[in-house]
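Engineer: Residue numbers (this note's numbering), protein chains in the order written: chain D, 1 to 241; chain B, 1 to 207.
Don't be surprised by glycine CBs; every beta carbon is placed ideally from N, CA and C.
Below you will find the structure I want to go over with you.
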C-alpha cells in the first residue's frame, strides 16, 4: 500500500468574522498505510480538510503531506495522478453530459488515440457494471448510479489511492449498499470520510476528528464507540421537548 | 435540479450521412451559418436556409422532439427580440434577425446531435494545434468548450429551480429573488467544477 504521511500539518485560514486565523487542523502527524481508512467526526470538524490535503486541493499552512514520497505542494501533479478524489455530490464532479464521455475525458491525457480511449472507457465502465448506463444523460441516472459513474471516471486512470468525501451522504439505503459493495471490491488504498457508521465499521483503521484534531486513531469498532461517546457528551442536558 | 434542459441537442447515435460527414465539414457549416447571419438581408433567404437545416436535422433521425428541445429554451427571448425589432425596424428586419438566430442554433444543434462530444473535442484540439507554437494548450481549449457545454444546462436548470422556489414564496415578480440566487449558485458551481477538475488533474499544462 502507498504511504500517506502527514508531518505536523497545520491548516489555518483567514475569515471575515475574526481578525485572527481560524485553525482547521492543528499539528496533525499521521502515517496512513492501511488499505481502508475511515475518517469520522461532526460537521465542520476538519474531515474534508484532511481528505483535501491528500490530493493537494488544500495546502498545509505548516508541515507537509506526502503520498508515496511525493509532496502534495511541490509535486502536486504527480500526487493527483496517483490520488483519485470522489466528491459528495457527483453532479459537481461529472463534467460531461454522459458517463461514457466523462470517463473518456479522464482518459484524454493518458490515451491519445480516440479508438483506444473509447475501448479503455468501456473497460472502466464495464468493471463497475455501468456499460448499459454509459450513454444516458447524467441527469437521468439515480443518485447511486451517478456516484458510481463519478467513481468510474476516477478509477479509469487507475490511481493508487482513492479519496472519498462522504460518498454515501446523498444516497438512499439501496444505493448506499451498491456503493459499499463496489468499494469493497477495489484494490486501491481507500481514505474515506463518512457519517455512515456501518460503513466506518468496515474500515481497517478509523480516525476520529474533533475541532481540527485527531482525538482517536485506531480500530474501527473502538473508534466508532469513541465517536458515539463524543456525540452523546456534546448534546445539551435535559429532555427534548 | 433541472439542469437537463440543454440549449443545444445532445449527441444522438446514428449512421446518417450527416453523422458520417467529416467533422471539418460540419464545423464549416456552423461557421458558414454564423457568417451568413451577418450577410443575409432577406428574411425569405433566412427562412429557406432554416427550412433546409431543419430538414437536415430530421434526416439525422434525432427527431422533431429533439429539434424543438434545442429551440424551446430560446423561444421567449426570440419573441422579445422579434417584437422589439418589429417595433424599431419593421417586420421584415425582425423576421430576418429572429430567423438568423434560429439558423445558428439549428446548425450548432446539427453538429452536436451528430458528433460525440469526445470527437468534437478532438476536432477542437486539432484545430487549435497551430497555436501551440504561441504557447497555447489545445487540450485546454477543448476542456473550455466541454465546460461551456456542461455549464449552460446547469445554469438554465438553476434558473428554473429558483423561479419555482420564488413562485412558491410569492416572489415571482421580484427580480432580486430570481437573479441573486442564480448568480450565487452559478459562482458556487464554477468553484465546485474548478475544484473537481483540479482534483482530476484536468486543465493542468501539458507534460
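Give a yes or no on whether the minimum CB-CB distance between residue 149(D) and chain B is below 8 Å.
Structural biologist: Not one chain B Cβ lies under 8 Å of residue 149(D).
Engineer: Using a Cβ cut-off of 7 Å, pull out every chain D residue sitting near residue 122(B), in sequence order please.
Structural biologist: Ordered by position in chain D, the residues that pass the 7 Å Cβ test against residue 122(B) are 114.
Engineer: Would you tell me roughly how many angstroms separate the C-alpha atoms of residue 94(B) and residue 32(B), rounded to the nearest one?
Structural biologist: Rounded to the nearest angstrom, the two C-alpha atoms are 21 Å apart.
Engineer: Express the C-alpha separation of residue 125(B) and residue 104(B) in angstroms, rounding to a whole number.
Structural biologist: Using only the alpha carbons, I get a separation of about 23 Å.
Engineer: Check whether chain B comes within 8 Å of residue 95(D), counting only Cβ atoms and requiring the distance to be less than that.
Structural biologist: Closer than 8 Å: yes.
Engineer: Using beta carbons (cut-off 8 Å, strictly below), is residue 87(D) in contact with chain B?
Structural biologist: Judged by the 8 Å Cβ criterion, residue 87(D) is in contact with chain B.
Engineer: Using a Cβ-Cβ cutoff of 7 Å, what residues of the stretch 57-81 of chain B are near chain D? List them in chain order.
Structural biologist: Result list empty, no residue passes.
Engineer: Figure out for me which residue from 217(D), 229(D), 44(D), 174(D) has the closest Cα to the Cα of residue 38(D).
Structural biologist: Minimum Cα distance to residue 38(D) is reached at 217(D).
Engineer: Note down, in chain order, every chain D residue with its Cβ under 7 Å from the Cβ of residue 117(B).
Structural biologist: Going along chain D in sequence order, the residues near residue 117(B) (Cβ under 7 Å) are 96, 97, 101.
Engineer: Does DSSP put residue 11(D) in a helix, a strand or coil?
Structural biologist: Correct three-state label for residue 11(D): strand.
Engineer: Within 8 Å (strictly less), CB to CB, does residue 192(B) reach chain D?
Structural biologist: Output row for residue 192(B): interface = yes.
Engineer: Could you tell me whether the stretch 165-185 of chain D touches the stretch 11-24 of chain D, using the rule of 3 or more Cβ pairs below 8 Å?
Structural biologist: With a cut-off of 8 Å, the stretch 11-24 of chain D and the stretch 165-185 of chain D do not count as touching, because too few Cβ pairs lie within range.
Engineer: Can you list the alpha helix (DSSP H) stretches of 4 or more residues lying completely in the stretch 9-94 of chain B, in chain order?
Structural biologist: Counting only runs of 4 or more, we get 17-20, 23-39, 43-59, 64-89.
Engineer: Apply the 10 Å Cβ neighbour rule to residue 147(D) and answer buried if 16 or more other Cβ atoms are within range, or exposed otherwise.
Structural biologist: Flag for residue 147(D) reads buried.
Engineer: Buried or exposed: residue 62(D), going by 16 or more other Cβ atoms within 10 Å of its Cβ?
Structural biologist: Residue 62(D) is exposed by the Cβ-count criterion.
Engineer: Give me the Cα-Cα distance between residue 1(D) and residue 35(D), rounded to the nearest whole angstrom.
Structural biologist: Answer to the nearest angstrom: the Cα atoms are 6 Å apart.
Engineer: Between residue 47(B) and residue 149(D), what straight-line distance do the alpha-carbon atoms span, to the nearest angstrom?
Structural biologist: Cα to Cα, the separation comes out at about 43 Å.
Engineer: Excluding the five sequence neighbours on either side, which residues of its own chain have a C-beta within less than 8 Å of the C-beta of residue 136(D), listed in chain order?
Structural biologist: Once the five neighbours on either side are set aside, the close Cβ partners of residue 136(D) are 98, 99.
Engineer: Compare the C-beta of residue 92(D) against all C-beta atoms of chain B and say whether one is closer than 8 Å.
Structural biologist: Closer than 8 Å: yes.
Engineer: Does the beta-carbon distance from residue 6(D) to residue 65(D) come in below 8 Å?
Structural biologist: Yes, the pair counts as a contact, with Cβ atoms nearer than the cut-off.
Engineer: How would you write the range of the beta strand (DSSP E) that residue 165(D) sits in, first residue to last?
Structural biologist: That run of the beta strand (DSSP E) goes 161-165.
Engineer: Going by Cα to Cα distance, which pick from 18(B), 50(B), 15(B), 198(B) is closest to residue 102(B)?
Structural biologist: It is 50(B) whose Cα lies nearest to the Cα of residue 102(B).
Engineer: For residue 197(B), which residues in chain D fall below 8 Å Cβ to Cβ?
Structural biologist: 95, listed in chain order.
Engineer: Pick from 214(D), 139(D), 212(D): whose alpha carbon is nearest that of residue 89(D)?
Structural biologist: Measuring from the Cα of residue 89(D), the nearest candidate turns out to be 139(D).
Engineer: According to DSSP, what are the bridge partners of residue 193(D)?
Structural biologist: DSSP, once it has assigned bridges, lists 39(D), 165(D) as partnering residue 193(D).
Engineer: Does the separation of the CB atoms of residue 4(D) and residue 209(D) fall below 8 Å?
Structural biologist: Against a cut-off of 8 Å, the Cβ pair of residue 209(D) and residue 4(D) comes out as no contact.
Engineer: Taking Cβ-Cβ distances shorter than 8 Å, what residues in chain D pair up with residue 139(B)?
Structural biologist: By Cβ distance, chain D contributes 108, 109.
Engineer: Excluding five sequence neighbours on each side, which residues of the same chain lie with their C-beta closer than 6 Å to the C-beta of residue 46(D)?
Structural biologist: Contacts found: 24, 25, 209, 212.
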